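Numbering follows full-length UniProt numbering, with no gaps: position 127 of the sequence shown is 127. Just so it is clear, CB atoms sit at the ideal spot from N, CA and C, and this is done for glycine as well. Being a predicted model, the structure only gives us computed values, none of them experimental.
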Amino acid sequence: MDSLQEKHLKASRFLQNLKETNIVTETVQTAGSCLAQGQEAVRSWPPYLTRGPVLDTRSRYEGDGVRYKAKLIGMDPVPDSQGEKMLLDSMMKLKGFEVSARKQGQHKMRIWLKISSSGLKILDERTGIVLHDHDRSRISSVTKDKSDPRALAYIYRHEDAYILFYIKAGHQADPIILDIMEVCRRVEQQEAPQQHQPTASQNISLVTLTDSLASPETVNKRFQNYSK
């Protein structure tokens, strides 16, 4: 099994290769599509406040799904699929890069973030080119930046390495996080009865899911326990 250092090195090499291909030219942390196949990742959801009742994924996320205007602040190789401190440290580092770039007159790439039943897509706002296509089964963690209500981050697994994507929306990040969480947590359950769905003002705290455990009964029980 690869050590954490080896995984971090692989992720760094992956980002460097993307930089050399000039797929993204307007960000300090450049990136490209992550389309590898492999085992499904464990998904964990750090705390945030939901904004309303859970929507029906079968209608809201079908086809092109929903989309949000945002900026891609950067990407960062991380050693694991989850971990609150790891997420916060990575976001802080990328935020520092953003401040430094802004002082030099550089601006982050404007994007469309599309969320559908298949996963997430990041598109160049100007050209519409798909820069990143992330299968929902490979998204392991999502959180918002507590110091910036418009910013969020998620971790995507590329082969056996993990990469954090840091994004800043044009509005509150909560609805985006809710959409990502719904796609990753509930699309598998479309044909199963939905019971005890989270409602407004529930605090959802670090719920870890795998496909083998994501039955409606298991998910509901965990949300009841963590939201108390």
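Taking every protein chain shown into account, the CB of R126 has fewer than 16 other CB atoms within 10 angstroms, so this residue is exposed. Restricting attention to E182, E84, Q106, G74, the CA atom closest to the CA of K93 is found in G74. The residues D76, V78, L164, in chain order, have a CB closer than 6 Å to that of S90 in the same chain once the five nearest residues on each side in sequence are set aside.
R150 and H134 do not touch by the CB rule: their CB atoms are close to 21 Å apart, not below 8 Å. An exposed status is given to S147, since fewer than 16 other beta-carbon atoms sit within 10 Å of its beta-carbon. If only uninterrupted alpha helix (DSSP H) runs of at least 4 residues are considered, those enclosed by the region 71-157 are 84-103. C-alpha of G105 to C-alpha of Y154: approximately 27 Å in a straight line.
The straight-line gap separating the alpha-carbon atoms of V66 and A173 is approximately 14 Å. Beyond the five residues adjoining it in sequence on each side, I129 comes within less than 8 Å, by CB distance, of L123 in the same chain, given in chain order. In this structure G119 is buried. Its beta-carbon is surrounded by 16 or more other beta-carbon atoms within 10 angstroms. For A173, the secondary structure class from DSSP, reduced to helix, strand or coil, is coil. The shortest CA-to-CA distance from C184 to any of P175, K168, V142, I167 is the one to V142. The alpha-carbon separation between Y68 and K114 amounts to approximately 7 Å.
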